[in-house]
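Q:
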Amino acid sequence: MKARKIVDEMDSYVPGRSQDEIAEEFNLNKDEIIKLGSNENPWGPSPKAMEAIKKEISSINRYPESQLKELVAEIAKYSSVEDNQVIIGGDGADEIIDVLAKTFIDEGDEFIVPLPSYMYYEYLLQQYGAHPVYAKWDLDKNELDVESIFDSITDRTKMIFLCSPNNPTGTLIEKEVLADIAEKNPEILIVIDEAYFEYSEVTNKDLINEYDNIFIIRTMSKVLGLAGMRIGYGLACAEIIEYMHRIKPVFSLTRLSFAAALNTFRDEEYIKESIKKGIESRQYLYEELSKIDSLNVFPSKSNFMLIGVKDTGFTASELALELMKKGIIVRDCTSFKGLDEYWIRISICTLDEDKKFIEIIKEVLS
Ligand SMILES: Cc1ncc(COP(=O)(O)O)c(C=O)c1O
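According to our numbering, the sequence shown holds residues -4 to 361 in order.
Quick look at the structure:
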């Protein structure tokens, strides 16, 4: 049985590797593995979220809510927007991207993504028959090449994905640039991915009140510590949100995810601490890694940083393998379009783990 032509021709997405996989492959103790590969919150989830999950567990024989009103209100409060400007996704921000594609993409449409950036946009949108057009990040200046966005626009462009801070470069895009692109292209949806905005302390969410062609993607997988519960959300004008609600999977958010999400947003102290510790770890890692001459470390406004490894004598996959043998998981960025085979990305960790990582990478490079 042959699959649809698009599926037949597609490559699978390459996600970061899990502790279980690495423990098994290299015969390591799972608990001693340091995971710097997937930009998660290394300090664990909010204790209030864990408590709420325990309480909710006896109700999992019941379907979850479909309207999610209480959580919508909590997200609207956290984001300072109206309730009707919020949509929630139960497979994380990735579900939000999927629903965006289902709502707005017709076969043959084009979307623009500057490379390198988050690869899942392309992976999802192609499934709906859309074609990627690549703009670029200027890696020498470590900023978006804005002209390359304007140059990529055609009358078939339906969406432009702009990730800020960008994964994997860690760079922000200036609000004026985002507003300018939206202003000049009212027929194109400008999708601003703010998965990591808390670490940059910058948001563009106020633009949704000025432009009805701006969509903000957010996630609970990063600073909010719920990657394993798969919760994302989107912010946009009420019209966009209403269209998306028509086709969003009705019960995609489980009861446990709902309880965890609600109680994380209500745990302001946890959120504040997670941001503070994340920024401290980032500074520490940046300073220590910058002392290693053979590494080209990019400053970051996020919870990860991009590192060029060309001068180490290793390719990214060779270096990732050497680190893995010693229990460290980093992201080999070879599968990111727009990067060659000499880039890795590392996430923030607890300070103890950061120190151990620095020790081990020095050992591997010496
Ligand atoms: C830029 C960006 N957007 C979206 C996502 C997806 O997040 P989620 O875990 O909510 O699906 C990620 C995950 O790493 C990401 O890096």
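Just so it is clear, CB atoms sit at the ideal spot from N, CA and C, and this is done for glycine as well.
This structure is a prediction, so every number in the text was calculated from the model and none was measured.
Which full runs of the beta strand (DSSP E) of 3+ residues lie inside the region 197 to 245, going along the chain?
A: Counting whole runs of 3 or more residues, the region 197 to 245 contains the beta strand (DSSP E) stretches 209 to 214 and 227 to 230.
Q: Suppose the cutoff is 7 Å on Cβ atoms and the five residues either side in sequence are ignored; what does the same chain contact list for Met319 look like?
A: So the list reads Ile17 and Phe21, once near-sequence residues are dropped.
Q: Is Ile100 helix, strand or coil by DSSP?
A: Here Ile100 sits in coil by DSSP.
Q: Ignoring anything shorter than 3 residues, give me the beta strand (DSSP E) runs that lie fully in the region 16 to 46, in order along the chain.
A: The region 16 to 46 contains these whole beta strand (DSSP E) runs: 29 to 31.
Q: For a test of the three-state rule: what should DSSP assign to Lys179, helix, strand or coil?
A: In this structure, Lys179 counts as helix in the three-state DSSP scheme.
Q: For the beta strand (DSSP E) that contains Asp327, what are its first and last residues?
A: Looking at the DSSP string, the run of the beta strand (DSSP E) that includes Asp327 is Ile323 to Asp327.
Q: Comparing alpha-carbon positions, which option in Arg250, Glu264 and Asp306 lies nearest Ser53?
A: Closest by alpha carbon: Arg250.
Q: Going by DSSP in three states, Met319 sits in which element: helix, strand or coil?
A: Helix, per DSSP.
Q: Does the Cβ of Ile212 lie closer than 7 Å to at least one heavy atom of ligand 1?
A: Flag set: Cβ of Ile212 near ligand 1.
Q: Could you spell out where the alpha helix (DSSP H) holding Thr259 opens and where it closes?
A: Where Thr259 is concerned, the enclosing alpha helix (DSSP H) stretches over Arg250 to Phe260.
Q: With contact counted as at least three CB pairs below 8 Å, one residue from each stretch, are the region 196 to 213 and the region 275 to 290 in contact?
A: The region 196 to 213, when compared against the region 275 to 290, does not touch it at the 8 Å Cβ threshold.
Q: Would you call the region 100 to 116 and the region 150 to 162 touching, i.e. three or more CB-CB distances under 8 Å?
A: Yes: at least three Cβ pairs fall under 8 Å.
Q: Do Gly227 and ligand 1 come close, with the Cβ less than 7 Å from some heavy atom?
A: Flag set: Cβ of Gly227 near ligand 1.
Q: Helix, strand or coil: which one does DSSP assign to Ile356?
A: Here Ile356 sits in helix by DSSP.
Q: Going by the CB atoms, is the gap between Ile209 and Ala233 shorter than 8 Å?
A: In this structure, Ile209 does not lie closer than 8 Å to Ala233 by Cβ.
Q: If distances are taken between C-alpha atoms only, which option among Pro59, Val325 and Arg12 comes closest to Phe246?
A: The option with the nearest alpha carbon to Phe246 is Pro59.
Q: With DSSP as the reference, please indicate the residues paired to Cys158 in a beta bridge.
A: Partner(s): Asp188.
Q: Is Val76 buried or exposed, if buried means 16 or more other CB atoms sit within 10 Å of its CB?
A: By the 10 Å Cβ count, Val76 comes out buried.
Q: What separation, rounded to the nearest whole angstrom, lies between the Cα atoms of Ser342 and Lys30?
A: In a straight line, the C-alpha of Ser342 is about 8 Å away from that of Lys30.
Q: Give the straight-line distance between the Cα atoms of Ser252 and Ser289, rounded to the nearest whole angstrom.
A: Their Cα atoms are separated by approximately 43 Å.
Q: With DSSP as the reference, label Lys136 as helix, strand or coil.
A: Of the three classes helix, strand and coil, the one that applies to Lys136 here is coil, per DSSP.
Q: Straight-line CA distance for Lys305 to Phe299?
A: Roughly 19 Å separates the two Cα atoms.
Q: CB Ile211 to CB Ile187, shorter than 8 Å?
A: Taking 8 Å as the Cβ cut-off, Ile211 and Ile187 qualify as a contacting pair.
Q: By Cβ distance, which residues of its chain are closer than 8 Å to Leu257, with the 5 residues on each side in sequence left out?
A: Ala47, Glu65, Leu66 and Glu69, listed in sequence order.
Q: For Gly333, verify whether its CB is less than 7 Å away from any heavy atom of ligand 1.
A: Checking the Cβ of Gly333 against ligand 1 gives no.
Q: Whose C-alpha, out of Ile183, Met224, Asp78 and Glu313, is nearest the C-alpha of Leu248?
A: Among Ile183, Met224, Asp78 and Glu313, the Cα nearest to that of Leu248 is on Met224.
Q: Pull up the distance between the alpha-carbon of Tyr206 and that of Gly308, whole angstroms please.
A: Rounded to the nearest angstrom, the two C-alpha atoms are 48 Å apart.
Q: Would the C-beta of Asn162 count as close to ligand 1, meaning under 7 Å from any of its heavy atoms?
A: Asn162: yes, Cβ under 7 Å from ligand 1.
Q: Buried or exposed for Ser7, please, with buried defined as at least 16 other CB atoms from any protein chain shown within 10 angstroms of its CB.
A: Ser7 comes out exposed.
Q: Report the residue ranges of all beta strand (DSSP E) runs contained in full by the region 104 to 131; include only those spanning at least 3 residues, in chain order.
A: Entirely contained in the region 104 to 131, the beta strand (DSSP E) runs reaching 3 residues are, in chain order, 105 to 110.
Q: By the three-class DSSP mapping on this structure, what secondary structure does Phe309 have?
A: Note: Phe309 maps to coil in three-state DSSP.
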